[in-house]
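Chains as they are written, first to last, in full-length UniProt numbering: chain S, 1 to 249; chain H, 1 to 249. Glycine included, each C-beta is placed from N, C-alpha and C at the ideal position. Here the structure comes first, spelled out in structure tokens, and everything after it is commentary.
Protein chains: 2
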Amino acid sequence: MRTANRRSGGRSAGVKTGGRAAPRQETTADRIKDYILGEGLQPGDLLPTEAELCEHLGVSRSNVREAVRQLTTLDIVEVRHGHGTFVGNMSLDALVESLVFRGVLVPGDDLRALREVIDLRLTLDLAMAERIVDAFRGTTNPELHALVKEMVAKATGGSPFPDEDRAFHTGLLARLDNSLVGQLVGAFWDVHTAVVPKLGVSVAVDLERTARAHGDMLEAAEAGDPERFRLAVTTHYEPIKRSLDERAN
Amino acid sequence: MRTANRRSGGRSAGVKTGGRAAPRQETTADRIKDYILGEGLQPGDLLPTEAELCEHLGVSRSNVREAVRQLTTLDIVEVRHGHGTFVGNMSLDALVESLVFRGVLVPGDDLRALREVIDLRLTLDLAMAERIVDAFRGTTNPELHALVKEMVAKATGGSPFPDEDRAFHTGLLARLDNSLVGQLVGAFWDVHTAVVPKLGVSVAVDLERTARAHGDMLEAAEAGDPERFRLAVTTHYEPIKRSLDERAN
């Protein structure tokens, strides 16, 4: 985080973050960000062409091209080949990419990085319990029940169910009034599922138990029972936590 | 998150994330990541020169250069000018940059993005209460008390205290057995403090109250009292939350 200050510039270059106030030069990427802000553009809006940006900002083509690539990596802009360059969705993809790589890079230490990701997922799910239960109390959710049914069917047949699993968690959090929480949990889900196979951690055991725990979470939420919801969340993470414990020994 | 799959490749290109299994071409950035993994390099280790990477990977200089820039944005590699290119720390800087920009970009909607960041900080601080209190129970922490004293002194003089504030929160979380939580809270702290001045939200009011709440958090942790800790955390966020509510009206 020490370098956040250098990179997170924008409208006011002197913003202090991370305890440092390093004066910095405004980069071409900063100026494209300023342009987006100045024009009031929103995600999905079309940006000027490369040539137009060169002229507008008074910088070289290669400068603009590099800045666009950098902003693409951060999902601040999105290049759709043949269609143009657009304001991006500022998703958490960059977070996922860094964390996946870190998770794979430093596996020696008892899979610490993966443990931390799973611990954080569990923490957030438990912390959100009351709010999720409040949002679901007394509702019926056939689409989420269908996902649970599909997960249980796959688990019974010995197959994993990552797509249904992710859709279930996303669907649960979509009702919260905080979209960042849902995105963050989704990002950690992606890290978790991308790292697990690369590390050769077995999660085949207890597939069925994990699948059914989703059903318990949903029923507890619909019944308005936060305590039961938290219990189901904990059960849901038990197989992967046990698998990690076994690997550590 | 839809595109996480395309970008989060590495050792096994077929990893499924985000519910998609799009086959993808391995990019030069992926191959540099594979090189880092294959050689067992760790953060801070020196990478081969640009020329050596070109030869090793059989790609052009401009390809390598672009890939290095992309990986730099993600803090997967770090270029130290005049010294070489090193494996980076995989910090959450990219997350901060995207979120800061999003926070500034979409302020119309009752400062929703900033509200979400603050809500998430509060949620994580509360969720970690038991663990922080467990780590601090019965300890004495002169360096953290000194930070509180400095914050109160600055607040009394009408000055903000971002450096001490961040150091305090980082110090509190540094004792946890999950370094990712500390990094994430630090990242959200950076987003928060970078976005607030850009949006012109006043936080000058209640500076002193915020400063003193840090002291209450620390004393509650040392006294081993999670309930009192949670109360102090809630008090700590009240001024900024009230300021946001006033802006919304």
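(message) Tell me the DSSP secondary structure of H:L244 in three-state form.
(response) Taken through DSSP and simplified to helix, strand or coil, H:L244 comes out as helix.
(message) List, in chain order, every chain S residue whose beta-carbon is nearer than 9 Å to that of H:I118.
(response) By Cβ distance, chain S contributes nothing, its closest Cβ being about 10 Å from H:I118, past 9 Å.
(message) Check whether chain H comes within 8 Å of S:A22, counting only Cβ atoms and requiring the distance to be less than that.
(response) Only weak support exists for where S:A22 lies, its pLDDT of 45 falling under 50; the value from the coordinates is given anyway. No, because no Cβ of chain H sits closer than 8 Å to the Cβ of S:A22.
(message) For H:V77, list the residues DSSP reports as bridge partners.
(response) Residue pairing of H:V77 in beta bridges, as defined by DSSP: H:V87.
(message) Just verifying my parser: in three-state terms, what is the DSSP assignment at S:L92?
(response) In the three-state DSSP reduction, S:L92 falls in the coil class, being neither helix nor strand.
(message) Output needed for H:A232: all residues of its chain with C-beta closer than 6 Å, excluding positions within five of it in sequence on either side, in chain order.
(response) Around H:A232, the same chain offers A213, D216, M217, A220 as residues with beta carbons nearer than 6 Å, after the five sequence neighbours per side are excluded.
(request) Using a threshold of 8 Å, state whether the C-beta atoms of H:P239 and H:R209 are closer than that. (result) Contact flag set, yes.
(request) Could you name the residues of the same chain whose beta carbon sits closer than 8 Å to that of S:V117, not counting the 5 residues immediately before and after it, in chain order? (result) Excluding the 5 residues flanking it on each side, S:V117 has same chain C-beta neighbours closer than 8 Å at L99, G103, F188, V191, H192, V195, in chain order.
(message) Does chain S have any CB closer than 8 Å to the CB of H:N178?
(response) At a cut-off of 8 Å between beta-carbon atoms, H:N178 makes contact with chain S.
(message) Taking the straight line between their C-alpha atoms, what separation do you get for S:R247 and S:L114?
(response) Between S:R247 and S:L114, the C-alpha separation is close to 12 Å.
(request) Have a look at H:F136, H:L124, H:D225, H:V148 and flag the residue whose alpha-carbon is nearest the alpha-carbon of S:V181. (result) When C-alpha distances from S:V181 are compared across H:F136, H:L124, H:D225, H:V148, the shortest belongs to H:L124.
(request) Tell whether a beta-carbon distance below 8 Å holds between S:R69 and H:Q70. (result) In this structure, H:Q70 lies closer than 8 Å to S:R69 by Cβ.
(request) With a cut-off of 8 Å on the beta carbons, I'd call H:L122 and H:Y237 a contact; round off their distance for me. (result) Rounded, the Cβ-Cβ distance is 5 Å, consistent with contact.
(request) Closer than 7 Å by C-beta to S:R65: which residues in its own chain qualify, once you throw out the five before and the five after it? Chain order, please. (result) Non-local beta-carbon contacts of S:R65 in its own chain, meaning distances under 7 Å to residues more than five positions away in sequence, involve E50 in chain order.
(message) Is there a C-beta anywhere in chain H that falls below 8 Å from the one on S:K154?
(response) S:K154 has a beta carbon lying at 8 Å or more from every beta carbon in chain H.
(request) For H:G88, count neighbouring C-beta atoms within 10 Å of its own C-beta (all shown protein chains included) and say buried if the count is 16 or more, exposed if not. (result) It counts as buried.
(request) Compile a chain-ordered list of the residues in the segment 214-229 of chain H whose CB is closer than 8 Å to at least one CB of chain S. (result) Cβ contacts with chain S: none found.
(request) Within the segment 189-228 of chain H, note down every full alpha helix (DSSP H) run reaching 4 residues or more, in order along the chain. (result) As far as the segment 189-228 of chain H is concerned, its whole alpha helix (DSSP H) runs of at least 4 residues are 207-222.
(request) Would you kindly check if the distance between the Cβ of S:V133 and the Cβ of S:F229 is under 8 Å? (result) Yes, the pair counts as a contact, with Cβ atoms nearer than the cut-off.
(request) Tell me whether the beta-carbon of S:E97 lies closer than 8 Å to the beta-carbon of H:L74. (result) Result yes, Cβ atoms of S:E97 and H:L74 sit closer than 8 Å.
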